[in-house]
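Trainee:
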Amino acid sequence: MNHRKLRDGIIIAVCAVAVVITAVLYAIFASHHIFKESKEHLTEIYEQINSSMSQTIESNRKLLNGWNQYIDNSVNIINGSSAGYDDADRAARREEFGSFMKQQKQLWGFTDFYFIGNEHTAETAGEDEFNNVVEVKRIDGEPINIRTRRKIQNLIAADEGGVVGNIEDGDEGSQFMMFAMSLKSDDSEYKNIIDGFEYYAIGISYSSQDMSNALAINVFKNQGVCYVVLPDGNVLLQSNLERDLRDNYLEFLRGSNITISDKNVSQIEQDWKDQKSDTMLITVGDVEYYLTYMPVGFGGWMFIGAVPSSVVNSSMDWFRTVTIMVMAVIFVILAAVVLWLYITTSRRRYKEKALEVKSREGLLDMLTENTRDMFIVFSPEDFKAEYVSANVEKLLGLNLDEVRADFRKMLDAAVEKYRPFTTEGLKKLEDGGVWERDICMRNINSEDEQIWFHMSLYRSKINGKDRIVTMFSDRTKERQMYDRLDQLLTIAKNANAAKSNFLSNMSHDIRTPMNAIIGYATLLAKDADNGEKVREYTRKITYSGQHLLSLINDILDMSKIESGKTSLNKEEFRLPEFIEELYSMIIAQTNAKNQTLDVHTKGNIPEIVMGDKLRLNQIMLNILSNAVKYTPEGGQIALKVETMKQTVHNHAHLRFTVADNGIGMSEEYVKTIFEPFSRETTDKTKSIQGTGLGMAITKNIVDLMGGVITVDSEPGKGTTFTVELELEIAESVPEDADFWVHHNVTRVLVVDDEEDVCMDIKELMAGTGVDVEYAITGQDAIKAVEKATNDKKDFHIVLLDWKMPSMDGVETARRIREKVGRDLPIMVLTSYSFDDIEAEARAAGIDLFMSKPFFVSNFKRAVMEIRSDGAAAEVNPEPENMSLKGLKVLAAEDNEINAEILTELLDIEEVSCDIASNGQEAVDKFTASKVGQYDIIFMDIQMPVMNGYEAARAIRASKHKRAKTIPIIAMTANAFDDDVKAAIDSGMNAHLAKPIDMDKLKQLVIKILDETKSSKGAK
């Protein structure tokens, strides 16, 4: 026993000595390392400041050198040395020279410019005083004397023209830094004279404060001071003029309270003479400083930096942290050694017990190896586990040793964060008591699988010690079953709520127009003899029916979109025509409410694009119609189409913006505007009908087209919708490069009070060879036309805006006609209805109208129309006579009411109609008919015996002479795109959705009959 104690004492003593030696060696190493790191850090910082100072000096030398020739020339002119200049020229040059120097002072920040003359040594001057007197002259002042420590002439000769000086008889604040340079570097004897003052050099000065600021340093908590000194120690500049002021730094270092490490003052003085750099520690009183010096590279100057070592070493906290950690490791190692001694002495005692425990654990491991239940026994005092089942690592990926060391490591595998177990909490559990809860866990190495356990903690005594036996029982399958049942229940509840909400909305929205239809039908029967009331009731029934049809169409559209059956019909279409058609469809609505509709384009809008024109039209009509509905009478609505930065090759990135100054929407409603059946109910919107589906359909179509729609609105101020789409640019027909030359249009004048419109037109016409000028007022336009006529550069066409302030388009056109007559074509470019202004415009001499926005293709058509005296055909002309009189129709319709309505409507148009009650009957009647008995066939789709598709195929396949040529129109309530395609695929010529709109029917029939006649003529 004594031997073991002696051994333990020796080991502990050796360890203690090792620790002391290590600490001493480490302190020496740390001190050396800190000094080395600080030296490198200071050198880097001061080199940056020194470099900045050197650059400042070099910049001033270059500045003087750059002025040299100019100043010499100017002085020669001013003093009359240069021939060819009179008194006025010399005075002007003197004023110019003075202004030049003022500008340079403002630009470069120097204090004064000097002409430098004679120089002598003062008779009364101390050893270190400013004893060199130099006579200098400012530009507009009398000669004055300045004092310097060193001779300027010698410094200039050595190309080191920088000196600190004072104005003679000046106060302390007049001290400055001067940079000087001779007039001609290659002629040391060269001199010149200004205002009788003979000078041989020029110089600029900076205040001592400005130069000191150049040395300012914003690191080390502003505790550092920088100096610029001469090799003899005299201080030229100092960064901080309020502290640590020094006249001669070498004399300061020789002070009795100064201690310098590594070098003495003589060695430092020799370093300065030899222009060497170094860093050392000095002690001033009881404060230690880092002293760093290095050459400036000019005039033998030296840069000095001094900063307290405590400030510099504060940045070495990380080093101290490392020191603490190293010492901590040393003590941990020492503790480990002591622990090792303790374990060695105790190992024999626990060996047998460990074997017993290991045998028991092996048995439990065998039992749990192939199960997903885990067992752990741990102490509630220190949470160390006596037993951890081996499958913990397999199921949760936890390290068994870490779990044995602390049972709470088990919570690292928990999906949610749980409050850790505490000794106090566990001891509240009674002996033999149980604490239970469910916990979700996952393998920390693979987070894909989550396992639900039922965790049970039993408190009991094992070998007389307080222990907690923990069991984790796998309940994942049970939990998944419960979660699935809960999801199914939630889905069923949501579906039921959605169904109830849908039926509630539909019940209300459908009953509203139905109530009107039934009510007015009742009134119609009552007032059948009153023609005026009959017409009024009929109009309102028609309006309610159209509203009901719109509701049904919206519901069907929404249903098809949500089922994922909606597809896009991608085809070529002209964007200018699309915008014109959109304008023509909306303008009637805006005119009815006395609203202003402005259409603008910006950027290079492509002429032809690929996309679903019908769906795009649906998007824009929904937005524009809402703008009209929710904007009061007299309001303003604007449609802007602009090109954005291209993000996809060969695709135009288009932005459609619709803005109004209507009633606006609340911030809360904007968040739900794109949800089905979403409507904001206010006093202002109660009287406005709508389904609440329009914006939901619009959003879904925009998404389907790969676009983005956003809305910005404020109650009482209006709403702005923005739609951004990528549309493929179609291959357009090659442009006629000589079109404009052939039509004698090479100069155009655009007149519009909005300059952006003028610039857009100019941009769109770029590359056509047409020179576009513009004016933003009528008066400017008249002047431009008059000037062009006088200069023989006549304009070939004038594009006039209709509405302009001070002078409108009519008056402008009238004035232009007075100036140039009728030979110059004048077109009006307007967003207003032509009908309202045509008579007045024609009288003023306007030749043609064009709709805004401007497109090159529309402009071309207008040019062709003017040049051919109106012979150019209008786009999509309306038929003058849409009569169907004398037409013979075979109609397949199984519904008697629908058949009766169709027959009566056709009878009004003087069209004979033969009804077939199903598809088979229609086929039989056609095949049995004579040639010419029927001109066209109207075909319902859903019919008994044979549907419309089958009947159409049967007719086309028959041997009748007109089987292939007789027009067949699908006339059905099946109104989806797929239904249209199915009708065309079955051999029909066109599709018309019910209910029947007679205007649309007549247009379609006339169009098909014309196409049939054209094809016969071609054959």
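First residue of the sequence shown? That's 0 in numbering that gives the first Met the number 0, and the numbers climb one at a time after it. We put the CB at the ideal spot given by N, CA and C, even for glycine. Predicted, not measured: the structure shown is a model, and the values here were computed from it.
#1: Check valine 627 in the structure and name its three-state DSSP category.
#2: Give the DSSP-derived three-state secondary structure of valine 264 in the structure shown.
#3: Give a yes or no on whether 8 Å exceeds the smallest Cβ distance from asparagine 857 to chain D.
#4: What does a CB cutoff of less than 8 Å around valine 414 pick up in its chain, not counting 5 residues either side in sequence?
#5: Have a look at Ala524, Ile968, Asn59, Ser260 and flag the residue whose alpha-carbon is nearest the alpha-carbon of aspartate 934.
#6: I'd like the span of the alpha helix (DSSP H) that includes tryptophan 107, first residue to last.
#7: Just reading off the beta strand (DSSP E) that aspartate 800 is part of, what are its end residues?
#8: On the DSSP bridge list, what partners appear for phenylalanine 572?
#9: Tell me histidine 40's beta-bridge partners as DSSP assigns them.
#10: Could you give the uninterrupted runs of the alpha helix (DSSP H) lying entirely in the stretch 893-970, keeping only those of 4 residues or more?
#11: Use the C-beta contact count for arginine 149: other C-beta atoms within 10 angstroms, 16 or more gives buried, fewer gives exposed.
#12: Assuming leucine 620 contacts methionine 584 under a Cβ cut-off of 8 Å, what Cβ separation, rounded to an integer in Å, is found between them?
#13: For alanine 927, count neighbouring C-beta atoms within 10 Å of its own C-beta (all shown protein chains included) and say buried if the count is 16 or more, exposed if not.
#14: Suppose you measure from the CA of aspartate 86 to the CA of methionine 100; what does that come to, to the nearest Å?
#15: Just the Cα atoms here: how many angstroms apart are aspartate 447 and isoleucine 696?
#16: According to DSSP, which residues form a beta bridge with glutamate 598?
#17: Quick check on the DSSP output: the alpha helix (DSSP H) that includes glutamine 778 runs from which residue to which?
#18: Am I right that proline 612 and phenylalanine 572 are in contact with their C-beta atoms under 8 Å? What's the rounded C-beta distance?
#19: Phenylalanine 848 to lysine 887, Cα distance in whole Å?
#20: Report the rounded CA-to-CA distance for glutamine 54 versus valine 295, giving the unit in angstroms.
#21: For serine 472, which residues does DSSP report across the bridge?
#22: Can you tell me which of Asn59, Thr258, Gln103 puts its alpha carbon nearest to the alpha carbon of methionine 180?
#23: With a threshold of 7 Å on Cβ separation, who are the neighbours of alanine 871 within its own chain once the five nearest residues in sequence on each side are excluded?
#24: Do the stretch 269-278 and the stretch 198-209 meet, that is, are 3 or more Cβ pairs less than 8 Å apart?
#25: Within this structure, are the beta carbons of tyrosine 288 and isoleucine 281 separated by less than 8 Å?
#26: What distance in whole Å lies between the Cβ atoms of histidine 119 and valine 132, which are believed to be in contact at a cut-off of 8 Å?
#27: Taking DSSP as the reference, what is the three-state secondary structure of tyrosine 292?
#28: Does aspartate 437 come out as helix, strand or coil in the three-state DSSP assignment?
#29: Leucine 487: buried (16+ other C-beta within 10 angstroms of its C-beta) or exposed?
#30: Give me the Cα-Cα distance between glycine 705 and arginine 654, rounded to the nearest whole angstrom.
#31: Please report the Cβ distance between isoleucine 70 and arginine 92, rounded to the nearest whole angstrom; I am assuming they are in contact, meaning their Cβ atoms lie under 8 Å.
#32: Mind listing, in chain order, the continuous beta strand (DSSP E) runs of no fewer than 3 residues lying wholly within the stretch 746-781?
#33: Go ahead and pull the three-state DSSP assignment for glutamine 274.
#34: Only counting the same chain, and skipping five residues up and downstream in sequence, which positions put a Cβ closer than 6 Å to that of alanine 915?
#35: Helix or strand or just coil, what does DSSP make of isoleucine 70?
#36: Taking 7 Å as the cut-off, is the beta-carbon of phenylalanine 794 closer than that to any non-hydrogen atom of the ligand FAD?
Mentor: Taking the structure as given:
#1: helix
#2: helix
#3: The structure shown has no chain D; it contains just one protein chain.
#4: Cys439, Met440, Arg441, Gln449
#5: Ile968
#6: 86-107
#7: 796-800
#8: Val608
#9: Answer is none; histidine 40 lacks a bridge partner.
#10: Within the stretch 893-970, the complete alpha helix (DSSP H) runs of at least 4 residues are 895-907, 918-927, 947-956.
#11: Here arginine 149 is buried: its Cβ has 16 or more other Cβ atoms, across all protein chains shown, within 10 Å.
#12: Between methionine 584 and leucine 620 the Cβ distance is about 7 Å, and since that is below 8 Å, they are a contact.
#13: exposed
#14: 21 Å
#15: 38 Å
#16: What sits at residue 598 in the sequence shown is valine, not glutamate. Note: valine 598 sits in a beta bridge opposite Leu638.
#17: 777-789
#18: Strictly speaking, residue 612 in this sequence is lysine, with proline absent from that position. Right, the Cβ-Cβ distance comes to about 4 Å (below 8 Å), so this counts as a contact.
#19: 42 Å
#20: In a straight line, the C-alpha of glutamine 54 is about 10 Å away from that of valine 295.
#21: BP columns for serine 472 point to His453.
#22: Nearest of Asn59, Thr258, Gln103 to methionine 180, Cα basis: Asn59.
#23: Note that alanine 871 scores a pLDDT of 36, beneath 50, so its modelled location is shaky; the value from the coordinates is reported in the next line. Excluding residues within five positions, the ones whose Cβ falls inside 7 Å are Arg860, Met863, Glu864.
#24: Taking 8 Å as the limit for Cβ pairs, the verdict is that the stretch 198-209 does not touch the stretch 269-278.
#25: It is a contact, given that the beta carbons lie within the stated cut-off.
#26: Indeed they touch by this definition, with Cβ atoms about 6 Å apart.
#27: Tyrosine 292 sits in a strand when the DSSP states are folded into three classes.
#28: strand
#29: exposed
#30: 13 Å
#31: In fact, because the Cβ distance is near 11 Å, the residues do not count as touching under 8 Å.
#32: Taken in chain order, the unbroken stretches of beta strand (DSSP E) that lie wholly in the stretch 746-781 and span 3 residues or more are 746-750, 770-774.
#33: DSSP places glutamine 274 in coil when its eight states are reduced to three.
#34: Around alanine 915: Ala891, Ala921, Lys924.
#35: helix
#36: With respect to the ligand FAD, the structure offers nothing, as it holds no ligand at all.
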